[in-house]
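First residue of the sequence shown? That's 1 in the working numbering, and the numbers climb one at a time after it.
Even glycine gets a Cβ: it sits at the ideal position worked out from N, Cα and C.
No experiment lies behind these values; they were computed from the predicted model shown.
Okay, structure first, notes after.
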Amino acid sequence: MKRLSSSKRVVVNNVVKGEIEWELRPGGMLVQKRNMGESSSAPMINIKVSHGSYHHDIALPSQSTFGDLKRVLAPETGLEPKEQRLLFQGKEKDDEECLHMVGVKDMSKVVLLEDPASKERKLEEINRNQTVLKACEEVAKVRSEVDKLSAKVIALEGIVGAGTTKVAENEFLVLTELLMVQLLQLDSIEADGEAKVQRRVEVRRVQGLVDNLDKLKARNSNPFSTSCNAVAVSSKWEAFESGPSCTRITQEWEVFD
1 MKRLSSSKRV VVNNVVKGEI EWELRPGGML VQKRNMGESS SAPMINIKVS HGSYHHDIAL
61 PSQSTFGDLK RVLAPETGLE PKEQRLLFQG KEKDDEECLH MVGVKDMSKV VLLEDPASKE
121 RKLEEINRNQ TVLKACEEVA KVRSEVDKLS AKVIALEGIV GAGTTKVAEN EFLVLTELLM
181 VQLLQLDSIE ADGEAKVQRR VEVRRVQGLV DNLDKLKARN SNPFSTSCNA VAVSSKWEAF
241 ESGPSCTRIT QEWEVFD
């Protein structure tokens with residue numbers, strides 16, 4: 001609603017009482033701008049607000065604006081004022097329009113609609129959250145499998161560290177292949193937000209287990225490598241960050257004399 005910026009001083013018995021501010025009401029009526037004190041002193045009215053299958057009984061001063069009504073409805077409906085559209089007698093009302101000026105009286109009915117753009121944003125957020133939740137669940141499944149493989153790597157580490165029994169080379173190969181399967185599974189998960197963080201953590205964990213297996217395999221085949229030539233194989237990882245099929249693994253060979 002347009003307001004006039006002009007004001008006028010009122011003088012009574014040569015005493016300046018202050019400035020009068022004017023505003024243009026709907027319908028072209030020019031009236032003195034009301035203040036909050038005047039609004040609060042106005043008679044209270046009860047308004048029935050229909051919001052889908054819900055109904056709200058709201059009491060507020062008759063000279064309140066539709067913007068005031070929206071602010072009262074916000075905690076009741078969970079909708080911010082900017083997300084609300086209020087209709088009275090089939091017409092949407094602006095925030096600046098006064099209730100009593102458009103005919104809202106005690107027990108009048110007002111319809112509340114959620115702004116379509118706001119509803120669409122909320123649906124997009126819900127879908128995004130569901131996508132992240134699904135990705136987190138997929139990462140959790142991989143984590144469970146990696147936990148089992150990690151326990152086997154720890155068991156091999158104990159055997160190799162004891163040095164009493166030589167482990168068959170095939171056991172290292174099988175565990176490495178199983179870990180690579182889980183790495184590829186992680187690579188196939190499209191993740192954002194928290195799910196992406198969890199996936200990155202699990203990728204680094206798998207990489208660490210494979211590197212550890214490489215070292216254990218070298219120690220197992222050359223238990224006295226400190227005094228003779230030995231070959232150590234380590235995996236060099238280029239971790240993915242942005243999506244599937246972005247992981248490359250190369251191997252570096254170091255010969256110790």
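**Asked** If you count every other CB in all the chains shown that lies within 10 Å of the CB of V110, and 16 or more means buried, which is it?
**Response** buried
**Close-in-space but distant-in-sequence residues of the same chain around T77 (CB under 8 Å, 5 per side omitted)** = H51, Y54, H56, Q84 and L112
**Asked** Can you name, in chain order, every residue of its own chain whose Cβ lies under 6 Å from the Cβ of R219, other than the five neighbours on each side?
**Response** V160
**Asked** Taking C-beta to C-beta, are L179 and L133 nearer than 8 Å?
**Response** no
**Message:** Along the chain, where does the alpha helix (DSSP H) containing D211 start, and where does it finish?
**Reply:** G193 to S221
**Asked** So, do the segment 163-182 and the segment 200-214 have three or more beta carbon pairs nearer to each other than 8 Å?
**Response** yes
**Request:** Please state if the CB of L79 and the CB of F66 are separated by a distance shorter than 8 Å.
**Result:** no
**Asked** So does the segment 185-202 actually touch the segment 133-142, counting three or more Cβ pairs closer than 8 Å?
**Response** yes
**Message:** In whole angstroms, give me the CA-to-CA distance for V102 and P81.
**Reply:** 20 Å
**Request:** From the DSSP output, read off the bridge partner residues of C98.
**Result:** T65
**Asked** Is E202 buried or exposed, if buried means 16 or more other CB atoms sit within 10 Å of its CB?
**Response** buried
**Prompt:** Should A155 be labelled buried (16 or more other beta-carbon atoms within 10 Å of its own) or exposed?
**Reply:** exposed
**Request:** Determine the contact status of I45 and K105, defining contact as a CB-CB distance below 8 Å.
**Result:** yes
**Prompt:** So who's on the other strand from R85, going by DSSP bridges?
**Reply:** L113
**Message:** Run through the DSSP bridge pairs and tell me what V49 is partnered with.
**Reply:** H56 and V110
**Item:** Distance between K152 and L216 (C-alpha atoms, nearest Å)
**Value:** 12 Å
**Asked** With a CB to CB cut of under 8 Å and the five nearest residues on each side skipped, what residues in its chain are close to D192?
**Response** R128, T131, V132 and A135
**Message:** Within a Cβ cutoff of 6 Å, which residues of the same chain sit near A42, ignoring the five residues on either side of it in sequence?
**Reply:** P61, S62 and Q63
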